[in-house]
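> Below is a structure I'd like to ask you about.
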Amino acid sequence: MKEFETNQLFVKNEDVEVLSLPYKDNSYAFNIFLPKNRLGLKKLRLQLSGVVIRNLLSRLKLESMTISIPKMKIDTNYELKEALMVMGVTDIFSKQRANLLGISEQSLYVSDAAHRALIEVDEKGTTAAAATYFRIWLQSRTRKQPRMFIANHPFLFILSKDMNPFFIGQYA
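The structure is reproduced here in structure tokens:
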């Protein structure tokens with residue numbers, strides 16, 4: 001873990017502190033949901049919903065921060081065919097029923113579906129799918145004492161676009 005000072009978006013309530021690290025395209029962000037209780041990850045997971053997440057993200061304010069977060073690299077691969085079929089997306093997987101004429105005049109169908117995500121966090125920032133980074137602005141030390149954000153116990157992380165979550169994981 002490396003400690004650094006920066007101005008960053010932050011919000012807290014009685015159960016959680018949220019630090020938002022924007023990517024180069026500021027509509028995307030890597031958000032750390034750190035339970036105030038070291039053993040509070042399970043409770044936090046049960047309490048979070050899309051509405052709660054969006055509510056917290058909508059209240060983020062820029063604050064002077066001293067941040068300490070662990071380095072991590074998460075490389076995941078999810079097979080989606082079965083999940084999509086359970087949700088009713090079945091025709092595209094059928095040779096007889098698939099209608100992909102908008103893609104090609106040939107008779108096409110989807111044989112498999114998968115999703116791969118790569119997220120890396122280090123002292124330089126965060127990279128998602130090896131494509132984008134967030135910028136860190138250092139501030140002068142003449143201002144008030146910065147708030148401390150030390151992610152030294154399990155937390156959730158949420159990738160968001162325009163404050164809408166699209167990927168959730170946990171660091172434990």
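Each residue of the sequence shown is one higher than the last, beginning at 1 in full-length UniProt numbering.
Ideal Cβ positions, reconstructed from N, Cα and C, are used throughout, including at glycine.
(1) With respect to the alpha helix (DSSP H) encompassing V86, which residues constitute its N-terminal and C-terminal limits?
(2) Identify the continuous alpha helix (DSSP H) that holds S20 and give its terminal residues.
(3) What do you reckon, are the CB atoms on I53 and P165 nearer than 7 Å?
(4) Start and end of the alpha helix (DSSP H) containing residue 173?
(5) Measure the Cβ-Cβ separation of I32 and A117 and say whether it is below 7 Å.
(6) Would you list the residues sitting across from T127 in a DSSP beta bridge?
(7) Given a cut-off of 7 Å, decide if L9 and L60 are closer than it, judged by their beta-carbon atoms.
(8) Quick check: the Cα distance between F4 and K71, rounded to an integer number of angstroms?
(9) Report the CB separation of T6 from I67 in whole angstroms; it is logged as a contact under 8 Å.
(10) Where are the beta strand (DSSP E) runs, 3 residues long or more, that stay fully inside the region 22-98, in chain order?
(11) Which whole-angstrom value describes the C-beta separation of Y34 and E14, a residue pair presumed to lie in contact below a C-beta threshold of 8 Å?
(12) Could you tell me the alpha carbon to alpha carbon distance between L46 and S104, rounded to whole angstroms?
For this structure:
(1) Looking up residue 86 in the sequence shown gives position 86. Residues K81 to V86.
(2) On the sequence shown, position 20 is the one that residue 20 refers to. Not the alpha helix (DSSP H): S20 falls in the beta strand (DSSP E), residues V16 to P22.
(3) For the purposes of this step, residue 53 is taken as the residue at position 53 of the sequence shown. For the purposes of this step, residue 165 is taken as the residue at position 165 of the sequence shown. Yes; because the gap between Cβ atoms is below 7 Å, this pair is in contact.
(4) Coverage of the chain is limited to positions 1 through 172, which leaves residue 173 absent and any answer about it impossible.
(5) For the purposes of this step, residue 32 is taken as the residue at position 32 of the sequence shown. For the purposes of this step, residue 117 is taken as the residue at position 117 of the sequence shown. Not closer than 7 Å, so no.
(6) As a position in the sequence shown, residue 127 is number 127, starting the count at 1. Partner(s): E120.
(7) Your numbering for residue 60 matches position 60 in the sequence shown. Your numbering for residue 9 matches position 9 in the sequence shown. Yes, these two residues count as a Cβ contact at 7 Å.
(8) Start at 1 with the first residue of the sequence shown, and residue 4 comes out as number 4. Start at 1 with the first residue of the sequence shown, and residue 71 comes out as number 71. For F4 and K71, the distance between alpha carbons rounds to 13 Å.
(9) On the sequence shown, position 6 is the one that residue 6 refers to. On the sequence shown, position 67 is the one that residue 67 refers to. The pair is a contact, with the Cβ atoms about 6 Å apart (cut-off 8 Å).
(10) You should have 28-35, 61-69 and 72-79.
(11) Working through the sequence shown from its first residue, we reach residue 34 at position 34. Working through the sequence shown from its first residue, we reach residue 14 at position 14. Here residue 34 is Leu; the residue named in the question, Tyr, does not match the sequence. At roughly 13 Å, the Cβ-Cβ gap does not stay under 8 Å, so L34 and E14 are not in contact.
(12) For this step, residue 46 is matched to residue 46 along the sequence shown. For this step, residue 104 is matched to residue 104 along the sequence shown. When rounded, the distance between both Cα atoms is 44 Å.
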